[in-house]
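Protein chains in written order, with numbering that gives the first Met the number 0: chain A, 0 to 319; chain B, 0 to 123.
See below for the structure under consideration.
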Amino acid sequence: MSVQQLEKIFQGKVDEEIKIEPKDWMPDKYRQTLIRQISQHAHSEIVGMLPEGNWITRAPSLKRKAILLAKVQDEAGHGLYLYSATETLGTTREQTIDDLHRGKAKYSSIFNYPTLTWADIGAIGWLVDGAAILNQVMLTRASYGPYARAMVRICKEESFHQRQGFEILLVLSKGTKEQKEMCQDAINRWWWPSLMMFGPHDSESTHSDQSMKWKIKRKSNDELRQNFVDMIAEQAKVLGMTLPDQELKWNDKTRHYEFGEINWDEFWSVVKGNGPCNKQRLDARRKAWEEGEWVREAATAYADKRKAKPPSAKGALVAA
Amino acid sequence: MNLLKKYYYGDIPEDKTGGSELKDLPKSSPSGADWPLWEIFIRSKQGLDHKHVGSLHAADAQMAIENARDVYTRRMEGISIWVVESKHIHASNPDDAENFYEPAEDKVYRHPTFYDLPDEVKHM
């Protein structure tokens, strides 16, 4: 069968909402796009543990510490689901991680901002996870089966993340003057980077939109960003806090909030490696990998040793 | 021709990233080579089948079970775990699906709805 025929069959399946599975034929570009996108997504989960990990030892109570630990552990799990999905496309785990450590592969720029106060943990849950959820809910319907299934799993766990973040801010918003100020300050610092998470304007593209046609994505950056602003602007009222945008106002005609322009120079500068914490984040990942080497070696040695022993009489049936 | 000009959240194209790539970083050492891949099956509660939930890397079966516990049952999703090394899974070929499953297509009489019975017949 010719490539053109195969592509036609492939697109036919996508159009009919039939999921593409790892062993199905797919265009090389589709495969490459997915590898890049899913691995970036996986790296974001893993690097995303760092700004929050910064506060585990300093969480204000045992309850908050337990919650934060659980959340960070979830992020590790999410990274794993996504690395596994990437592997179904024919890459190796090691190569994918190596690309991150070399700075070849990217992760979401939001994690290159520092977590300066406890309120930042609240703001991350509310704004950063809130933005991520909008994207991820859309991706549960992605055309590639393993990606969509990973997203379903992630979305189930993610809503706790956003709620705990909002609750942290809610408690602060009802606290002392200092706590209120801390809450507002965190929102001020995280608001714009959160809007940047959705990526450049749709208008920057004049080309036909392949990702949309392949149903990897179903909503544009600007659509998702607008959904986010509409949602957060209302929630901010509950907190009694403001969003740092003079131009933010409700438009009764469009039934949406209007908002100011993003600083795109800052966006591209952080993507290109010049954010406040880019170096620190990658150094931390490399250090963890290098210092974990003896653990990987020991586990392999132990597995070999166990393999050398005769299997127990009970064997596999016990598992059933 | 670049069809993928438009980029989305979590999808920053490589040509825009530049600047921070470390060309001189040594390749990962061979000892860190991937552990085998394992497919994970979880029984969510007594009386139900084990169901495939995903995969992970582990040095051996015991480690695969422990990792699966941490990754797939953090919210009481399971009471039993099976792990199978992925290389032991044999799968049918999707290209053969048409021929492979075709024999079942023209045997509608295998379904109860094929049989037209009078309405008076109850409980059947």
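Backbone N, C-alpha and C fix where the C-beta goes; we use that ideal spot for every residue, glycine too.
A quick note: this is a predicted structure, and the numbers were derived from the prediction, not measured.
Residue range of the alpha helix (DSSP H) that includes residue i
i                 : result
Tyr-108 (chain B) : Premise fails: Tyr-108 (chain B) is in no alpha helix (DSSP H) and is neither H nor E.
Ser-38 (chain A)  : 27 to 46
Gly-126 (chain A) : Looking at the sequence shown, residue 126 (chain A) is not Gly but Leu. Here Leu-126 (chain A) belongs to no alpha helix (DSSP H), and DSSP marks it neither H nor E.
Leu-281 (chain A) : 277 to 290
Asn-226 (chain A) : 220 to 238
Trp-267 (chain A) : 263 to 268
Arg-68 (chain B)  : 60 to 71
Phe-113 (chain B) : Premise fails: Phe-113 (chain B) is in no alpha helix (DSSP H) and is neither H nor E.
Glu-97 (chain B)  : 96 to 100
Nearest-angstrom beta carbon gap, residue j and residue i [assumed within contact, 8 Å]
i                 : j                 : result
Val-126 (chain B) : Ile-64 (chain B)  : Here chain B covers residues 0 to 123 and nothing more, so residue 126 (chain B) does not appear.
Ile-153 (chain A) : Gln-135 (chain A) : 6 Å
Val-127 (chain A) : Ser-193 (chain A) : 6 Å
Ala-122 (chain A) : Ala-185 (chain A) : 4 Å
Leu-281 (chain A) : Gly-102 (chain A) : 6 Å
Trp-37 (chain B)  : Val-107 (chain B) : 41 Å between Cβ atoms; not a contact.
Ala-149 (chain A) : Lys-18 (chain A)  : Actually they are not in contact, since the Cβ atoms of Ala-149 (chain A) and Lys-18 (chain A) sit about 13 Å apart, beyond 8 Å.
Ile-120 (chain A) : Thr-85 (chain A)  : Not really, about 28 Å apart at Cβ, beyond 8 Å.
Asp-59 (chain B)  : Glu-93 (chain A)  : Actually they are not in contact, since the Cβ atoms of Asp-59 (chain B) and Glu-93 (chain A) sit about 18 Å apart, beyond 8 Å.
Gly-76 (chain A)  : Arg-73 (chain B)  : 7 Å
Thr-32 (chain A)  : Ser-210 (chain A) : 6 Å
Phe-165 (chain A) : Gln-245 (chain A) : Going by Cβ atoms, the distance from Phe-165 (chain A) to Gln-245 (chain A) rounds to 24 Å, so no, they are not a contact pair.
Ser-268 (chain A) : Trp-213 (chain A) : The Cβ separation is near 30 Å, so there is no contact.
Tyr-106 (chain A) : Gln-39 (chain A)  : 6 Å
Glu-51 (chain A)  : Val-71 (chain A)  : 5 Å
Asn-111 (chain A) : Gly-274 (chain A) : 3 Å
Leu-238 (chain A) : Leu-168 (chain A) : 6 Å
Phe-9 (chain A)   : Pro-21 (chain A)  : Going by Cβ atoms, the distance from Phe-9 (chain A) to Pro-21 (chain A) rounds to 14 Å, so no, they are not a contact pair.
Ile-39 (chain B)  : Leu-55 (chain B)  : 6 Å
Host beta strand (DSSP E) of residue i (start-end)
i                 : result
Ile-41 (chain B)  : 36 to 42
Ser-54 (chain B)  : 49 to 56
Glu-257 (chain A) : 255 to 257
Residue i (DSSP reduced to helix, strand or coil)
i                 : result
Ile-55 (chain A)  : coil
Asn-250 (chain A) : strand
Lys-22 (chain A)  : coil
Tyr-143 (chain A) : strand
Trp-117 (chain A) : helix
Ser-30 (chain B)  : Low confidence applies here, because Ser-30 (chain B) scores a pLDDT of 43, under 50, leaving its location unreliable; read the following figure in that light. Looking at Ser-30 (chain B) - three-state DSSP - the assignment turns out to be helix.
His-77 (chain A)  : helix
His-100 (chain A) : helix
Asp-89 (chain B)  : Checking the sequence, you will find His at residue 89 (chain B) rather than Asp. In this structure, His-89 (chain B) counts as coil in the three-state DSSP scheme.
Ile-66 (chain A)  : helix
Val-82 (chain B)  : strand
Gln-45 (chain B)  : coil
Ile-8 (chain A)   : helix
Pro-309 (chain A) : coil
Val-136 (chain A) : helix
Trp-333 (chain A) : The requested residue 333 (chain A) does not occur in the structure, where chain A is confined to residues 0 to 319.
Arg-74 (chain B)  : coil
Ile-109 (chain A) : helix
Asp-244 (chain A) : coil
Lys-271 (chain A) : helix
Ser-1 (chain A)   : coil
Ser-60 (chain A)  : coil
Thr-87 (chain A)  : coil
Val-120 (chain B) : coil
Glu-296 (chain A) : helix
Glu-93 (chain A)  : helix
Asp-303 (chain A) : helix
Under 7 Å (Cβ pairs) to chain A, residues found in the segment 46 to 65 of chain B: Gly-53, Ser-54, Leu-55, His-56, Ala-58, Asp-59 and Met-62
Under 9 Å, CB to CB, which of the residues in the segment 47 to 71 of chain A have a partner in chain B? Ala-69
Ordered list of alpha helix (DSSP H) runs contained in the segment 151 to 209 of chain A, each at least 4 residues: Fully enclosed alpha helix (DSSP H) runs of 4 or longer: 176 to 195.
Looking at chain B, which residues of the segment 116 to 142 of chain A have a Cβ within less than 7 Å of any of its Cβ atoms? Asn-134
What residues in the segment 289 to 314 of chain A have a beta carbon less than 8 Å from any beta carbon of chain B? Glu-292, Arg-295, Glu-296, Ala-298, Thr-299, Tyr-301, Ala-302, Arg-305 and Lys-306
Using a Cβ-Cβ cut-off of less than 8 Å, list which residues of the segment 5 to 22 of chain A approach chain B; keep chain order. Glu-20 and Lys-22
So if I threshold CB-CB distances at 8 Å, which residues from the segment 80 to 91 of chain A count as touching chain B? Tyr-80, Ser-83, Glu-86 and Thr-91
Return the residues of the segment 150 to 176 of chain A that lie within a Cβ-Cβ distance of less than 7 Å from chain B, sorted by chain order. So nothing in the stretch comes that close.
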